[in-house]
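What follows is one structure encoded as structure tokens, with my remarks underneath.
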Amino acid sequence: MEYLSIDIGGTYIKYALLNENLELNDHRKEQTKTTSKQVLYQQIEQIIKEIQNEYNLSGIGISTAGIVDRYIGKVVYAGPTLPFYKGMEWKQPLTKKFSIPVVVENDVNAALLGEIWKGSMINKNNIFCITIGTGIGGAYYKNHLIDGANQQANSVGYLSYDPTTGTNYESRASTNALISTIKEHLDDTVTPESLFERAKLGCHKCLTIIRNWAKEIASGLAQIILLYDPEYIVIGGGISKQGDYLLNFIQKEIHHYLPKHFLKTKVRMAALHNHAALYGAIYPFLKTNAEASLH
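Oh and the sequence shown: position 23 is 23 in full-length UniProt numbering, straight run, nothing missing.
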């Protein structure tokens with residue numbers, strides 16, 4: 001029993017195998033080809049062919065950016081990170097092509113399921129997950145995933161639109177926003193990872209950039225707290241690797257955006273980091289086993 005898990009993001013496609021011990025192995029990654037639906041479909045098809053030549057697959061789980069109709073396995077809305085992506089079908093054509101069961105889930109929903117099953121939210125409930133990467137997305141779990149009447153709930157990247165600047169929460173607090181700030185104030189050779197390394201060594205300019213970015217992140221978390229009042233907020237995406245170092249900057253700022261005594265939600269970094277969605281994408285195949293470890 002081996003399952004292929006694929007996480008399609010605006011920048012990278014990550015994929016791995018879930019083995020009989022319910023652990024991910026053979027992690028691989030490549031840049032997302034973002035020119036057209038056809039090119040991206042061919043890229044995913046080639047990945048599956050490559051893996052199928054090496055493993056006997058029981059199923060394929062796809063975690064993807066965009067608003068997903070999980071029942072038909074189709075992307076019904078896509079944001080600016082993959083502008084051509086609306087209407088992309090995965091389940092039907094891939095099932096037909098490879099004669100293997102395929103499930104499709106929104107990447108943030110998948111990340112939250114992964115954290116509940118294998119990560120920092122085991123035995124927890126009433127959780128909002130926010131992933132910060134190329135874009136920003138959200139997911140809410142209270143006994144089950146809550147998507148809203150039109151599957152558009154939790155699209156927190158679109159919060160706080162400012163008509164004066166034409167920006168929203170995502171364009172101010174995503175990793176892409178951080179990269180733009182780095183280029184503006186430092187240089188193109190500095191990555192988000194090296195920014196944090198420099199800050200820890202005492203670079204004042206780097207610390208200022210991180211503090212300001214943490215304020216932007218905190219402003220959106222405060223709105224999530226006001227709207228959902230979750231017991232937990234879990235922060236996922238690549239930035240979760242920065243752990244408590246970044247979390248401390250964020251937590252110092254959240255209360256500034258809330259009424260006094262409103263900050264009761266516990267904020268955590270995802271324990272599975274960028275692997276959370278890979279676990280969550282194949283959760284439907286293992287629901288019986290997984291539910292045993294959720295409760």
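Heads up, the beta-carbon is just placed ideally off N, CA and C, and yes, glycines get one too.
Here the structure is a predicted model, which is why all the values come from computation and not from measurement.
DSSP-derived helix/strand/coil call for residue i
{"i": "Leu186", "result": "coil"}
{"i": "Phe128", "result": "strand"}
{"i": "Ile146", "result": "coil"}
{"i": "Glu231", "result": "coil"}
{"i": "Pro259", "result": "coil"}
{"i": "Ser171", "result": "helix"}
{"i": "Ser155", "result": "coil"}
{"i": "Ser5", "result": "strand"}
{"i": "Ser293", "result": "Only weak support is given to the placement of Ser293: the predicted model assigns it a pLDDT of 46, under 50, and the value that follows is read from those uncertain coordinates. It is helical."}
{"i": "Leu201", "result": "coil"}
{"i": "Lys14", "result": "strand"}
{"i": "Ile136", "result": "strand"}
{"i": "residue 339", "result": "Outside the modelled stretch of the chain, which goes from 1 to 295, sits residue 339, for which no answer is possible."}
{"i": "Thr81", "result": "coil"}
{"i": "Ile282", "result": "coil"}
{"i": "Thr191", "result": "coil"}
{"i": "Thr288", "result": "With a pLDDT of only 47 at Thr288, under the threshold of 50, the placement of this residue in the model should not be trusted, and no figure is reported."}
{"i": "Lys264", "result": "coil"}
C-beta atoms of residue i and residue j nearer than 7 Å
{"i": "Ser174", "j": "Gly238", "result": "no"}
{"i": "Lys91", "j": "Val75", "result": "no"}
{"i": "Gly10", "j": "Leu82", "result": "yes"}
{"i": "Ala111", "j": "Ala277", "result": "yes"}
{"i": "Gly119", "j": "Ala271", "result": "yes"}
{"i": "Leu40", "j": "Lys33", "result": "yes"}
{"i": "Tyr3", "j": "Gly59", "result": "yes"}
{"i": "Ile130", "j": "Met121", "result": "no"}
{"i": "Ile182", "j": "Leu18", "result": "no"}
{"i": "Ile217", "j": "Ile179", "result": "no"}
{"i": "Gln242", "j": "Phe285", "result": "no"}
{"i": "Ala214", "j": "Leu258", "result": "no"}
{"i": "Ala153", "j": "Asp147", "result": "yes"}
Closer than 6 Å: residue i CB and nearest the ligand MN heavy atom
{"i": "Thr189", "result": "By its list of ligands, the structure shown contains no ligand whatsoever, and the ligand MN lies outside what it can speak to."}
Bridge-paired residues (DSSP) for residue i
{"i": "Met269", "result": "Ile235"}
{"i": "Ile225", "result": "DSSP, once it has assigned bridges, lists no residue as partnering Ile225."}
{"i": "Val75", "result": "Val68"}
{"i": "Asp162", "result": "Thr167"}
{"i": "Glu89", "result": "Lys74"}
| Touch test, the stretch 101 to 119 against the stretch 58 to 77, Cβ-Cβ under 8 Å, three pairs minimum | The stretch 101 to 119 is in contact with the stretch 58 to 77.
| request: Mind listing, in chain order, the continuous beta strand (DSSP E) runs of no fewer than 3 residues lying wholly within the stretch 16 to 72? | output: If we require 3 residues or more, the beta strand (DSSP E) runs fully inside the stretch 16 to 72 come out as 24 to 31, 57 to 64 and 67 to 69.
| said: Check whether the stretch 45 to 58 and the stretch 75 to 88 are in contact - that is, three or more C-beta pairs closer than 8 Å. | reply: no
| message | Between the stretch 225 to 243 and the stretch 252 to 267, can you find at least three pairs of beta-carbon atoms closer than 8 Å? | response | yes
| query | Taking the runs of the beta strand (DSSP E) that are 3 residues or longer, which of them lie wholly in the stretch 95 to 122? | reply | 102 to 106
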